[in-house]
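Below: the structure, in structure tokens.
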Amino acid sequence: AQTVTQSQPEMSVQEAETVTLSCTYDTSENNYYLFWYKQPPSRQMILVIRQEAYKQQNATENRFSVNFQKAAKSFSLKISDSQLGDTAMYFCAFAGTYKYIFGTGTRLKVLA
Amino acid sequence: NAGVTQTPKFRILKIGQSMTLQCTQDMNHNYMYWYRQDPGMGLKLIYYSVGAGITDKGEVPNGYNVSRSTTEDFPLRLELAAPSQTSVYFCASSYRTVPESNYGYTFGSGTRLTVV
Numbered sequence: 046a047q048t049v050t051q052s053q054p055e056m057s058v059q060e061a062e063t064v065t066l067s068c069t070y071d072t073s074e075n076n077y078y079l080f081w082y083k084q085p086p087s088r089q090m091i092l093v094i095r096q097e098a099y100k101q102q103n104a105t106e107n108r109f110s111v112n113f114q115k116a117a118k119s120f121s122l123k124i125s126d127s128q129l130g131d132t133a134m135y136f137c138a139f140a141g142t143y144k145y146i147f148g149t150g151t152r153l154k155v156l157a
Numbered sequence: 734n735a736g737v738t739q740t741p742k743f744r745i746l747k748i749g750q751s752m753t754l755q756c757t758q759d760m761n762h763n764y765m766y767w768y769r770q771d772p773g774m775g776l777k778l779i780y781y782s783v784g785a786g787i788t789d790k791g792e793v794p795n796g797y798n799v800s801r802s803t804t805e806d807f808p809l810r811l812e813l814a815a816p817s818q819t820s821v822y823f824c825a826s827s828y829r830t831v832p833e834s835n836y837g838y839t840f841g842s843g844t845r846l847t848v849v
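Here the protein sequences line up with chains B and X, keeping their order. Heads up: the first sequence begins at 46 in our numbering, then just goes up one per residue. Heads up: the second sequence begins at 734 in our numbering, then just goes up one per residue.
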């Protein structure tokens with residue numbers, strides 16, 4: 046069965062610093078997608094970044110990048126130059142052929 | 734372009750009452766979903782739909798019903814509300830193609846439901 050594990054319930058980072066959020070998953074599928082979503086205090090879920098499993102190149106969106114290690118089933122999110130507006134819950138998600146599974150989230154607080 | 738619109742944003746129900754959570758999307762997405770988010774937890778899938786007229790159960794469908802008569806609308810019906818249904822409910826939509834390609838979800842802003 047597919048699972049998604051986020052082992053860091055809470056993290057904090059100083060403004061302008063870099064932080065990495067961890068995510069591991071388990072699947073027997075070969076073609077799938079991985080996502081990071083951000084949920085700020087407003088509650089709105091926002092897609093941050095998307096990775097296709099068949100692409101070796103790590104996805105990047107401005108200050109957000111991923112380290113995708115397919116063999117290790119690891120999908121971490123790196124936030125560079127952290128900003129106060131990055132304070133939010135971050136959810137890792139796996140999308141396979143039949144399943145779309147969310148992790149339990151990491152609460153990130155950016156400190157001024 | 735409104736995206737995914739959910740109403741209401743907040744609601745308090747008494748045990749045994751019924752209600753419908755509305756969800757509309759204007760992006761012509763074929764897939765639509767209902768999730769619930771309990772405190773400190775991730776999202777659990779209640780129901781989903783791959784197109785108008787087609788719905789299927791997710792992980793936690795008991796106590797809920799859905800319909801999808803149009804591409805745009807995917808209402809969630811709660812019958813005989815129970816305290817265990819106190820949660821935040823999210824509607825989402827996505828565009829998925831064959832062969833499989835997944836562009837991620839667009840979420841509504843959520844409905845906070847309290848059953849007392």
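We put the beta carbon where it would ideally sit given N, CA and C, even for glycine.
Reference residue i, options the options, closest by Cα
i: tyrosine 135 of chain B; options: X:Ser817, X:Val821 and X:Met774; result: X:Met774
i: alanine 815 of chain X; options: X:Cys756, X:His762 and X:Met752; result: X:Met752
i: alanine 138 of chain B; options: X:Gln758, X:Leu778, X:Asp759 and X:Glu805; result: X:Leu778
i: serine 782 of chain X; options: X:Pro772, X:Leu809, X:Ser820 and X:Asn795; result: X:Leu809
i: tyrosine 77 of chain B; options: X:Thr839, X:Arg829 and X:Leu846; result: X:Arg829
i: methionine 90 of chain B; options: X:Val849, X:Thr839, X:Val848 and X:Thr847; result: X:Thr839
i: glycine 784 of chain X; options: X:Val821, X:His762 and X:Gly736; result: X:His762
Sequence-distant residues of its chain with Cβ nearer than 6 Å to residue i (five each side left out)
i: glutamine 59 of chain B; result: Leu156
i: glutamate 55 of chain B; result: Arg152
Min CB distance residue i to chain X below 8 Å
i: phenylalanine 120 of chain B; result: no
i: threonine 44 of chain B; result: This structure cannot speak to residue 44 of chain B, because chain B is shown only from 46 to 157.
i: methionine 90 of chain B; result: yes
i: tyrosine 78 of chain B; result: yes
i: alanine 133 of chain B; result: no
Residue i to residue j span [Cα, whole Å]
i: serine 691 of chain X; j: serine 842 of chain X; result: Here chain X covers residues 734 to 849 and nothing more, so residue 691 of chain X does not appear.
i: tryptophan 81 of chain B; j: arginine 152 of chain B; result: 13 Å
i: isoleucine 146 of chain B; j: glycine 837 of chain X; result: 12 Å
i: alanine 825 of chain X; j: arginine 845 of chain X; result: 15 Å
i: threonine 63 of chain B; j: serine 57 of chain B; result: 10 Å
i: threonine 149 of chain B; j: leucine 776 of chain X; result: 8 Å
Proximity test, Cβ basis, 8 Å: residue i and chain B
i: phenylalanine 807 of chain X; result: no
If contact is defined by three or more beta carbon pairs under 8 Å, each pair taking one atom from either stretch, is the segment 109-126 of chain B in contact with the segment 66-84 of chain B? yes
Count the CB pairs spanning the segment 106-114 of chain B and the segment 735-743 of chain X that are closer than 8 Å, and state whether there are at least three. no
Quick check: the segment 46-60 of chain B against the segment 96-105 of chain B, are at least 3 beta-carbon pairs closer than 8 Å? no
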